[in-house]
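Residue numbers (the numbering used here): 192 to 258. Don't be surprised by glycine CBs; every beta carbon is placed ideally from N, CA and C. To start, the structure itself, in C-alpha cells.
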C-alpha cells in the first residue's frame, strides 16, 4: 500500500510540474503579445509572428535540439 501511495505522489508531482511549465510558457507568450500590441501598428504583425507556436511544438523543437 505504501508503494502505491508513493507512486501516486510521484505521478501527481510530475503532472503538477508539467502543468506549471505549460502555464509559464503560455504566460510568457501572452506577455509578449501584450508588448507587441503596445507597439506601432506597422510593426505589430511581425512582432506577433513568434507568438503562435504551441507549447507542444516548443517541446518538440526543444527535444530535437537536445539530440
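Have a look at the options and flag the residue whose alpha-carbon is nearest the alpha-carbon of residue i.
i: residue 245; options: 204, 256, 220 and 201; result: 220
i: residue 247; options: 212, 204 and 225; result: 212
i: residue 215; options: 254, 257, 256 and 249; result: 249
Tell me the DSSP secondary structure of residue i in three-state form.
i: residue 241; result: helix
i: residue 258; result: coil
i: residue 230; result: coil
Cutting at 6 angstroms between CB atoms, please list the residues of its own chain near residue i, excluding the five before and the five after it.
i: residue 239; result: 227
What residues in its chain sit with their C-beta under 8 angstroms from that of residue i, if we drop five residues either side in the sequence?
i: residue 224; result: 239 and 242
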